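Comments concern the structure below.
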Amino acid sequence: MSTYFRVISLETGEQIVHTAGSAFFTFHHISSTQTEDNRKTIIVDICGFDDPRLINELFLDKLRENIFPLDTGYLQSLELDLDANTCMERNANAREPKESHCYSHVHSLIPILFELPRISPKFIASESIFIPRPDADHD
Numbered sequence: 016m017s018t019y020f021r022v023i024s025l026e027t028g029e030q031i032v033h034t035a036g037s038a039f040f041t042f043h044h045i046s047s048t049q050t051e052d053n054r055k056t057i058i059v060d061i062c063g064f065d066d067p068r069l070i071n072e073l074f075l076d077k078l079r080e081n082i083f084p085l086d087t088g089y090l091q092s093l094e095l096d097l098d099a100n101t102c103m104e105r106n107a108n109a110r111e112p113k114e115s116h117c118y119s120h121v122h123s124l125i126p127i128l129f130e131l132p133r134i135s136p137k138f139i140a141s142e143s144i145f146i147p148r149p150d151a152d153h154d
C-alpha cells in the first residue's frame with residue numbers, strides 16, 4: 016500500500032503530480048514549501064502514524080471511560096520531486112524501530128511522540144526540518 020500525493024497548480028488548478036510515497040496514516044499536515052534552490056521540489060512535513068487504529072481509540076465511549084489514545088504521531092518530512100514524480104522520506108531509516116511503531120518511528124525526525132502540531136504564522140512555508148516549540152529557547 017502507498018500514500019498518494021497530488022500537487023495542484025495554484026495558478027491553473029491543473030494536477031502537476033500524482034505520486035506514491037510510503038504507507039502511513041495522517042490527520043495533520045504540518046507545513047509544506049518549495050525549496051529555494053529548486054522550485055520543482057516540495058518539502059512536506061506531516062504528523063504520521065503507522066496505521067489508522069487511532070480512529071478507534073478516539074470514539075466518545077472510550078474517552079468518556081477515561082480510556083485515552085495510546086498512539087500519537089511521529090514527525091515525518093517528505094520530499095516531492097515534481098520532475099522525477101517521486102516521493103522520498105528525508106530522514107528514512109534514521110532510527111531503530113520501537114515496539115509497535117515499526118514504520119513511522121524509523122522515519123521520525125525526532126524520537127518523541129506528538130500530536131496536533133501548531134505552527135507560528137512566522138514559520139509557515141519556511142524551509143525547516145524543525146517544528147517551533149513554545150518552550151524552546153529563542154533569540
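Anchor point for the sequence shown: position 2 equals 17 in the working numbering, and the numbering is continuous, going up by one each time. Idealized CB from N, CA, C, for every residue including glycine. These numbers come from a predicted model, not from an experiment.
query, result
"The segment 75–85 / the segment 36–53 touching (three or more Cβ pairs under 8 Å)", "no"
"Under the three-state DSSP convention, the category residue 26 falls into", "coil"
"Beta carbon of residue 74 nearer than 9 Å to that of residue 40", "no"
"Beta-carbon proximity of residue 58 to residue 93, cut-off 9 Å", "yes"
"Close-in-space but distant-in-sequence residues of the same chain around residue 105 (CB under 6 Å, 5 per side omitted)", "92 and 94"
"Opening and closing residue of the beta strand (DSSP E) in which residue 96 lies", "89–96"
"Same chain, Cβ closer than 8 Å to residue 23, five either side skipped, listed in chain order", "29, 30 and 31"
"Cβ-based burial, residue 89 [other Cβ within 10 Å; buried from 16]", "buried"
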